[in-house]
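**Q** Residue numbers (our numbering): 0 to 424. Note that CB positions come from ideal geometry on N, CA and C, so glycine has one too. Model, not experiment: these values are computed from the prediction.
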Amino acid sequence: MEASAVVGFFQDKTILITGSTGFLGKLLVEKILRVQPGVKKLYLLVRATDDESAEQRILSQVLEKDLFNTLREKHGLAGFQRLVKEKIVPLAGDTGFRNFGLHGSRFDSLCEDIDVIINGAAATNFYERYDVALTSNVLGAKYGCEFAKKCRNLKLLLHVSTAFVAGTQGGLLLEKALEMGETLQQGYHLDIESELQLVEKAKDELIVAKRGNLDQSEKTAMKELGFKRASHFGWPNVYTFTKAMGEMLLEQHIEDLPVVIIQPTMVTSTYQDPFPGWIEGARTIDAMIVAYDKQSFPCFIGDLKDIMDVVPADMVVNATLVAMVVHWNEKGRAIYHVSSSLRNPLAGYLFEDACLDYFSIHPRTLENGKPLENRRPYLFKRFSFFRAYLILMYKLPLEILHAVSLLFCGMFAHYYKNRIGDTLS
């Protein structure tokens, strides 16, 4: 499909975007404004007490980011501000509530105006609290579908998910819908309503127990429960588990809605659009690159032949926009994996070589002005060898230091504590 056809398609369209303060959400907002300033409106739904607070969040967490520098340069500061004021409408709401927490005349007018809903809001922490992840990733998908059905002129609901709803399965994975109750653990059945009730029961038990710091106890208990339930049904973490449940509810409720589900793999920094290398924080594989740069990555467990499926964020955005055009007002559901492992696989050894080559040319400079020496991390294919290495190189020396400190009446206690801190960090 020609780029001009995609760009032209968004002329005079009204789009509601949830998750615009997130990594992909920002990129979607920037891309649409940059390539099609003739878009009618972008309604950006964010959690806030009122529309004024929502506007402040959009300004500070989205529009003031360096990501929008290209757009500012294109229109000039005054032109950029006019464009934003004319096209962007911040909305105070929450995807964890029916109608996204909107009501009254505002809700009614949105139901008349909206052409597209992009539901990208999610709790993306792999080990998020179970209650938080269920609200955002599961109920958010259900309520997004319900909201879409009330939009009388809606032409498309686009739901952003993850390819890892398939868990850690290997081989060829088809772009097919998840059936209600389906699990990755053979012989098990998933009841989403029971999971929601389980969370409420666990919270009630914590209140009855009246543990000291209830907030901290609840947070810990919810994280542990989420990991336990995800593992029970075959998913590696609460994020992928709850995103899978969200897709099940979406599949159950879509009826004849036009729906597209985008399932990217690990999303990394931009390849070229709006400029190369934009990222926010250290995400997925980027955390490993940062650790390599700091040389705080002495060892790892894995196989250099393994494939790391990463895809640049701007490619995910481009695929999303094209999918919207292709399936415009098309009843039913379409699913797209956005990935790299089949056509352009990134093996572990390529990743390691790239890190070594780059940081050898551009080494980190120490406080004394000398470059930090780059070393390849030790790689272990077996966890038992990895564990033995950690014991010999870190735990054993620390225990010896602790024993010596005790013999000398705590003389080395401060040094021991610092070494413990360095090891944990």
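Sorted by chain position, which residues of the same chain lie with C-beta nearer than 6 angstroms to Pro344's C-beta, five sequence neighbours on each side aside?
**A** Position 345 of the sequence shown, counted from the first residue, corresponds to residue 344. Only Ile306 meet the Cβ criterion.
**Q** Report the rounded CA-to-CA distance for Leu423 versus Met392, giving the unit in angstroms.
**A** For this step, residue 423 is matched to residue 424 along the sequence shown. For this step, residue 392 is matched to residue 393 along the sequence shown. Because Leu423 carries a pLDDT of 47, less than 50, the predicted location of this residue cannot be relied on, and no value is offered for it.
**Q** Apart from the five residues just before and just after Asp308, which ones in its own chain have a Cβ nearer than 7 angstroms to its Cβ?
**A** Residue numbering aside, residue 308 sits at position 309 when the sequence shown is read from its first letter. Result list for Asp308: Thr264, Met265, Ser338, Ser339, Ser340, in chain order.
**Q** Check whether the Cβ atoms of Leu160 and Ile261 lie closer than 8 angstroms to each other.
**A** Numbered from its first residue, the sequence shown carries residue 160 at position 161. Numbered from its first residue, the sequence shown carries residue 261 at position 262. Here residue 160 is Ser; the residue named in the question, Leu, does not match the sequence. Taking 8 angstroms as the Cβ cut-off, Ser160 and Ile261 qualify as a contacting pair.
**Q** Just reading off the alpha helix (DSSP H) that Phe79 is part of, what are its end residues?
**A** Within the sequence shown, numbered from 1, the residue matching residue 79 stands at position 80. Run containing Phe79: 68 to 86, per the alpha helix (DSSP H) assignment.
**Q** Using 8 angstroms as the threshold, is the C-beta distance between Ile16 and Ile113 below it?
**A** Here residue 16 corresponds to residue number 17 of the sequence shown, with the count starting at 1. Here residue 113 corresponds to residue number 114 of the sequence shown, with the count starting at 1. Result no, Cβ atoms of Ile16 and Ile113 do not sit closer than 8 angstroms.
**Q** Can you have a look at His102 and say buried or exposed, based on whether 16 or more other CB atoms are within 10 angstroms of its CB?
**A** On the sequence shown, residue 102 is found 103 positions in, with the first residue counted as 1. So His102 counts as exposed.
**Q** Output needed for Gly455: all residues of its chain with C-beta closer than 6 angstroms, excluding positions within five of it in sequence on either side, in chain order.
**A** No information on residue 455 is available, as it lies outside the stretch 0 to 424 that the chain covers here.
**Q** Taking the straight line between their C-alpha atoms, what separation do you get for Leu195 and Leu133?
**A** As a first step, residue 195 is located in the sequence shown; it is residue number 196 there, counting from the start. As a first step, residue 133 is located in the sequence shown; it is residue number 134 there, counting from the start. Rounded to whole angstroms, Leu195 to Leu133 spans 7 angstroms at the Cα level.
**Q** If we ignore side chains and look at the alpha-carbon of each, how far apart do Arg97 and Lys149 end up?
**A** Here residue 97 corresponds to residue number 98 of the sequence shown, with the count starting at 1. Here residue 149 corresponds to residue number 150 of the sequence shown, with the count starting at 1. Going from the Cα of Arg97 to the Cα of Lys149 covers about 11 angstroms.
**Q** Taking 8 angstroms as the threshold (C-beta atoms), are Glu329 and Pro257 in contact?
**A** As a position in the sequence shown, residue 257 is number 258, starting the count at 1. As a position in the sequence shown, residue 329 is number 330, starting the count at 1. Taking 8 angstroms as the Cβ cut-off, Pro257 and Glu329 qualify as a contacting pair.
**Q** Write down the C-beta distance between Gly37 and Gln10 rounded to the nearest angstrom, noting that I regard them as a contact closer than 8 angstroms.
**A** Numbered from 1 along the sequence shown, position 38 holds the residue referred to as residue 37. Numbered from 1 along the sequence shown, position 11 holds the residue referred to as residue 10. Confirmed, about 5 angstroms.
**Q** Between the Cα of Thr94 and those of Ala147, Trp327, Ala353, Lys293, spot the shortest distance and give me the residue it belongs to.
**A** Position 95 of the sequence shown, counted from the first residue, corresponds to residue 94. Nearest C-alpha to Thr94: Ala147.
**Q** For Ile260, does the three-state DSSP call read helix, strand or coil?
**A** Numbered from its first residue, the sequence shown carries residue 260 at position 261. In this structure, Ile260 counts as strand in the three-state DSSP scheme.
**Q** Which term fits Ser3, buried or exposed, when burial requires 16 or more other beta carbons within 10 angstroms of its beta carbon?
**A** Here residue 3 corresponds to residue number 4 of the sequence shown, with the count starting at 1. Result: exposed.
**Q** On the DSSP bridge assignment, give the partners of Pro311 in chain order.
**A** To locate residue 311, count along the sequence shown from 1; it is residue 312. Paired residues: Thr267.
**Q** Between Gly169 and Leu183, what straight-line distance do the alpha-carbon atoms span, to the nearest angstrom?
**A** Locating residue 169 in the sequence shown gives position 170, counting from the first residue. Locating residue 183 in the sequence shown gives position 184, counting from the first residue. Roughly 12 angstroms separates the two Cα atoms.
**Q** Are the beta-carbon atoms belonging to Leu155 and Met323 less than 8 angstroms from one another?
**A** If you number the sequence shown from 1, residue 155 lands on position 156. If you number the sequence shown from 1, residue 323 lands on position 324. Yes. Within cutoff.
**Q** So what's Ala333 in DSSP terms, helix, strand or just coil?
**A** Position 334 of the sequence shown, counted from the start, is the residue given in the question as residue 333. In this structure, Ala333 counts as strand in the three-state DSSP scheme.
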